[in-house]
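Here the protein sequences line up with chains A and B, keeping their order.
Numbering-wise (my numbering), the first sequence opens with residue 29 and increments by one.
Numbering-wise (my numbering), the second sequence opens with residue 124 and increments by one.
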Amino acid sequence: MKKVHPAVVGAQPFQLAEHRPVERLFEDAEGRDRLEKSLSRYPEKKGALLPMLAYAQERNGWLSPEAMEEIAEALDLTPAYVRSVATFYTMYAKRPVGRYWIQVCTCISCHVNRGEEVFESFLEHTGTRAGEVSEDGRYTVIEAECLGACGFATVVQVNDRYFENVTPETVPEVLAQLEPGEPEA
Amino acid sequence: MGFPHDHDLEIGTILSRHFGDPKARELDTWLTYGGYEGLKQAVEMDPGEITTIVKDSGLRGRGGAGFPTGLKWSFMPQEKSGPHYLCCNADESEPGAFKDREILRWVPHLLIEGCLIAARAIRAEHAYIYVRGEYFPFTSILNDAVVEAYEAGYIGRDILGSGWDCDLTVHIGAGAYIAGEETGLMSSLTGGRAEPKIKPPFPAQSGVFGKPTTVNNVETLAAVPMILINGADWYRQWGTEKSPGTKLWCCSGHLVRPGNYELELGVPLKDVIYDVCGGAPDGKKIKAVIPGGSSTAMLTADELDVPSTYEGLQEAGSSLGTASPIVLNEDTNIVRAMRRIADFYAHESCGQCVQCREGTSWVAKILKRIEDGDGRLSDLDTLYDLCEQLTGRTICVLADSVVFPLRSSLDKFRDEYEALIGGRA
Chain A
29 MKKVHPAVVG AQPFQLAEHR PVERLFEDAE GRDRLEKSLS RYPEKKGALL
79 PMLAYAQERN GWLSPEAMEE IAEALDLTPA YVRSVATFYT MYAKRPVGRY
129 WIQVCTCISC HVNRGEEVFE SFLEHTGTRA GEVSEDGRYT VIEAECLGAC
179 GFATVVQVND RYFENVTPET VPEVLAQLEP GEPEA
Chain B
124 MGFPHDHDLE IGTILSRHFG DPKARELDTW LTYGGYEGLK QAVEMDPGEI
174 TTIVKDSGLR GRGGAGFPTG LKWSFMPQEK SGPHYLCCNA DESEPGAFKD
224 REILRWVPHL LIEGCLIAAR AIRAEHAYIY VRGEYFPFTS ILNDAVVEAY
274 EAGYIGRDIL GSGWDCDLTV HIGAGAYIAG EETGLMSSLT GGRAEPKIKP
324 PFPAQSGVFG KPTTVNNVET LAAVPMILIN GADWYRQWGT EKSPGTKLWC
374 CSGHLVRPGN YELELGVPLK DVIYDVCGGA PDGKKIKAVI PGGSSTAMLT
424 ADELDVPSTY EGLQEAGSSL GTASPIVLNE DTNIVRAMRR IADFYAHESC
474 GQCVQCREGT SWVAKILKRI EDGDGRLSDL DTLYDLCEQL TGRTICVLAD
524 SVVFPLRSSL DKFRDEYEAL IGGRA
């Protein structure tokens with residue numbers, strides 16, 4: 029079990045290629061540990077909601093209705109409320125996504141640096157349409173709003189990694205770097 | 124990449140001097156760089172004394188609004204009747220801005236120290252750093268530094284043997300621009316949708332979990348330790364009377380050398396664009412600059428000879444914002460660029476206020492129609508009307524944010540709109 033300090037328990041990467049699926053989130057030692065540590069950082073149980081939504085996605089790769097119900101129960105919230113929060117935020121996957129969730133920024137600074145072409149190039153090289161999971165389960169490509177790295181356009185986020193200065197031509201290089209064993213960007 | 128390139132202008136040395144040095148992230152090295160000296164002073168000081176120094180330094184909020192930091196701190200209750208909280212806003216999401224990520228990435232201990240000093244000043248027992256969800260790589264660096272600082276006794280119980288306790292928690296968002304608005308951030312931190320709230324009550328009265336709260340930007344807090352160590356006058360040697368100090372610039376768009384630069388406030392904007400960043404690549408001319416991030420009014424290439432201060436940009440009809448100029452070259456289709464900006468605000472509207480929810484999306488739709496060659500001249504009147512309807516009528520200023528670039532683009536580049544419309548009434 030990965031040891032996580034309580035101060036940073038609500039700030040763990042939750043978009044990962046490798047998942048450790050679990051049916052019930054808080055029935056194993058790790059799940060209970062994450063829940064307890066999160067609860068200890070906020071004066072109200074509700075404060076642990078975003079950390080727990082993130083944890084569910086870290087484990088399962090997406091946020092299932094069952095996971096949201098379990099979180100609701102653990103935090104004394106209604107499932108409807110939890111859903112209303114989860115659906116507000118774009119990074120929570122409300123349905124399964126590919127192992128590599130590719131977000132291409134096409135906001136203004138990337139837009140003027142061929143962001144849309146980079147996006148099209150990712151669709152072409154993964155053989156997918158926007159938002160769908162590729163047949164082999166590997167890729168989901170979406171357009172993203174500003175990723176906060178505007179000086180290094182076009183910016184692409186794949187799971188918990190950033191790729192900068194991507195051009196339509198370098199898209200295959202980015203895809204090649206995703207496979208395990210390839211060096212970090 | 125990301126840290127300053129070489130150039131001839133004097134670079135400030137407060138925030139960025141250790142950018143690019145991975146060892147600066149480690150506590151041992153950071154201590155040899157003078158790390159946590161400010162905190163050592165702060166724990167011996169009365170909260171009011173800390174606030175006075177920051178007030179005297181003239182430090183202004185670096186998240187875009189430029190509100191005086193010391194004054195903001197002084198709004199917090201002097202007598203405690205319950206917990207106080209500090210929130211560090213690291214939800215950097217304004218298109219054009221990418222400075223806070225460099226602070227998280229290179230000097231996480233500087234930010235932690237700034238948070239603790241601020242927490243001491245506002246009598247808070249818990250500081251939360253709210254980082255945008257996408258920033259996983261930089262959050263991980265911050266996380267490591269926080270754990271190290273806890274283990275070394277700089278955070279937690281009886282800090283540096285002073286008897287003062289303060290916790291610090293890193294909390295990440297999940298993709299919502301509006302979580303960077305201070306009341307939206309507080310809604311999100313407490314487990315809600317990041318919906319802004321009407322003020323009053325102000326955060327200093329009723330903030331996170333209903334308790335007195337101060338929200339400060341990353342760059343603001345990172346400036347605090349050096350101010351405390353060196354004094355208010357030292358900080359005022361840079362910048363102007365109303366805009367003292369240095370500012371971390373984020374330069375993007377069509378530039379030869381885009382990136383982050385820490386510069387003294389007051390440097391002419393044209394020098395930042397042309398001298399520091401090398402102007403537009405491929406010998407192209409610059410058509411427009413959006414000086415302070417996407418929510419500020421566009422300036423034409425002829426309007427760039429202004430001092431880069433809060434007051435200077437305001438006089439020029441725009442705003443310093445987060446000092447994040449987005450540069451557009453002569454080939455840029457202004458209508459298309461403006462449409463892309465409007466798409467952002469339409470997407471990020473939280474939907475509470477009808478004017479914003481509907482207005483931002485109609486701005487985007489009308490601009491798209493003009494871009495596609497189906498616009499009419501009356502669309503321009505409708506866009507001006509929307510500028511009126513979207514100003515000052517909503518809980519937060521997201522709606523106003525689309526108006527600044529929109530109105531300026533209509534005023535200054537009307538010919539481009541008309542060329543695409545082609546005379547259709």
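Idealized CB from N, CA, C, for every residue including glycine.
All figures in this text were calculated on a predicted structure; none of them were measured in a lab.
Strictly below 8 Å CB to CB, what residues from chain B border LYS74(A)?
By Cβ distance, chain B contributes THR313, GLY314 and GLY315.
Pick out whichever of THR483(B), ASP151(B), PHE198(B) and ARG228(B) has its Cα sitting closest to the Cα of VAL341(B).
The candidate whose alpha carbon is nearest that of VAL341(B) is ARG228(B).
Between the region 198-213 of chain B and the region 380-391 of chain B, are three or more C-beta pairs nearer than 8 Å?
No, they do not touch.
For ILE493(B), tell me which candidate among HIS470(B), VAL526(B), GLU248(B) and GLY546(B) has the shortest Cα-Cα distance.
Here the closest residue by C-alpha is GLY546(B).
Looking only at C-alpha atoms, which of LEU490(B), ASN452(B), TYR258(B) and GLY171(B) sits nearest to ARG459(B)?
The option with the nearest alpha carbon to ARG459(B) is LEU490(B).
Name, in chain order, the residues that DSSP records as bridge partners for THR154(A).
None; THR154(A) has no bridge partner.
Give the residues of chain A in contact with ARG224(B), contact being defined as C-beta atoms less than 8 Å apart.
Neighbours of ARG224(B) on chain A, chain order: GLY176 and ALA177.
With C-beta atoms as the reference, is VAL194(A) less than 9 Å away from TYR128(A)?
Taking 9 Å as the Cβ cut-off, VAL194(A) and TYR128(A) do not qualify as a contacting pair.
Taking ASN330(B) as the reference, give the member of LEU182(B), THR306(B) and ARG280(B) with the closest Cα.
Before going further, note that residue 330(B) is Gly rather than Asn in the sequence given. Of LEU182(B), THR306(B) and ARG280(B), the residue nearest in Cα terms is THR306(B).
Quick one: does HIS377(B) have its CB under 9 Å from some CB of chain A?
Output row for HIS377(B): interface = yes.
Quick one: give me the first and last residue of the beta strand (DSSP E) that GLU385(B) is part of.
That run of the beta strand (DSSP E) goes 382-387.
First and last residue of the alpha helix (DSSP H) that includes CYS174(A)?
Element bounds for CYS174(A): n/a, residue is neither H nor E.
How is the alpha helix (DSSP H) around VAL477(B) delimited, first residue to last?
From DSSP, the alpha helix (DSSP H) with VAL477(B) extends over 477-494.
Beta-carbon separation of LEU138(B) and ILE226(B) under 9 Å?
In this structure, ILE226(B) lies closer than 9 Å to LEU138(B) by Cβ.
Around the Cβ of THR156(A), are there at least 16 other Cβ atoms within 10 angstroms (buried) or fewer (exposed)?
With 16 or more Cβ atoms within 10 Å of its Cβ, THR156(A) is classed as buried.
For the alpha helix (DSSP H) containing GLN85(A), name the first residue and the last one.
From DSSP, the alpha helix (DSSP H) with GLN85(A) extends over 77-88.
Just mark ARG462(B) as buried or exposed, buried being the case when its beta carbon has 16 or more other beta carbons within 10 Å.
Answer is buried; the Cβ neighbour count reaches 16.
Would a check of beta-carbon distances place ALA299(B) closer than 9 Å to chain A?
Chain A, which has a Cβ nearer than 9 Å to the Cβ of ALA299(B), makes this yes.
Count the C-beta pairs between the region 36-44 of chain A and the region 80-97 of chain A that are closer than 8 Å, then say yes if the count reaches three, no if not.
Taking 8 Å as the limit for Cβ pairs, the verdict is that the region 80-97 of chain A does touch the region 36-44 of chain A.
Span of the alpha helix (DSSP H) holding SER375(B)?
Per DSSP, SER375(B) belongs to no alpha helix (DSSP H); it is in the beta strand (DSSP E), 369-376.
Would PRO323(B) be called buried (16 or more neighbouring beta carbons within 10 Å of its own) or exposed?
Classification for PRO323(B): exposed.
Could you tell me which residues DSSP puts in a beta bridge with ALA250(B)?
Partner(s): LEU209(B) and LEU291(B).
Please confirm whether GLY382(B) has its beta-carbon closer than 9 Å to some beta-carbon of chain A.
It does: the Cβ of GLY382(B) has a partner Cβ on chain A nearer than 9 Å.
Going by C-alpha to C-alpha distance, which of ASN383(B), ILE464(B) and PRO414(B) sits closest to GLY549(B)?
With chain B running from 124 to 548 in the structure shown, residue 549(B) is simply not present.
Can you tell which of PRO448(B), SER417(B) and SER418(B) has its C-alpha closest to the C-alpha of GLY431(B)?
The identity of residue 431(B) in the sequence shown is Ser, whereas the question assumes Gly. The option with the nearest alpha carbon to SER431(B) is PRO448(B).
Relative to the C-alpha of SER216(B), which candidate in ALA302(B), GLY181(B), ALA247(B) and ALA241(B) has its C-alpha closest?
Out of ALA302(B), GLY181(B), ALA247(B) and ALA241(B), ALA302(B) has the C-alpha closest to the C-alpha of SER216(B).
With 16 as the cutoff for other CB atoms within 10 Å, does MET309(B) come out buried or exposed?
Buried, by the Cβ-count rule.
Return helix, strand or coil for GLN205(A), following the three-state DSSP convention.
The answer is helix: DSSP assigns GLN205(A) an H, G or I state.
Examine chain B for any beta-carbon lying closer than 9 Å to the beta-carbon of SER137(A), and answer yes or no.
Chain B, which has a Cβ nearer than 9 Å to the Cβ of SER137(A), makes this yes.
Taking only three categories from DSSP, how would you classify PRO127(B)?
Residue confidence for PRO127(B) is low, a pLDDT of 48 falling below 50, so the modelled location carries little weight; the figure read from the coordinates is stated next. Of the three classes helix, strand and coil, the one that applies to PRO127(B) here is coil, per DSSP.
Residue ranges of each alpha helix (DSSP H) run of no fewer than 4 residues wholly in the region 374-448 of chain B, ordered along the chain?
List check, alpha helix (DSSP H) in window: 433-438.
Between ALA114(A) and the rest of its own chain, which residues show a CB-CB distance below 8 Å, the 5 nearest in sequence each way excluded?
LEU81, LEU91, MET96, TYR120 and LYS122.
Can at least three beta-carbon pairs, one atom from the region 179-192 of chain B and one from the region 334-351 of chain B, be found at a separation below 8 Å?
With a cut-off of 8 Å, the region 334-351 of chain B and the region 179-192 of chain B count as touching, because enough Cβ pairs lie within range.
Within its chain, find whatever has a CB closer than 6 Å to the CB of ALA550(B); leave out the 5 residues flanking it on each side and keep chain order.
No answer is possible for residue 550(B): the residues shown for chain B start at 124 and end at 548.
For PRO71(A) versus PHE332(B), is the C-beta distance shorter than 9 Å?
Yes; because the gap between Cβ atoms is below 9 Å, this pair is in contact.
Considering only the beta carbon of each residue, do CYS557(B) and GLY416(B) sit closer than 9 Å?
What is shown of chain B runs 124 to 548, which leaves residue 557(B) out entirely.
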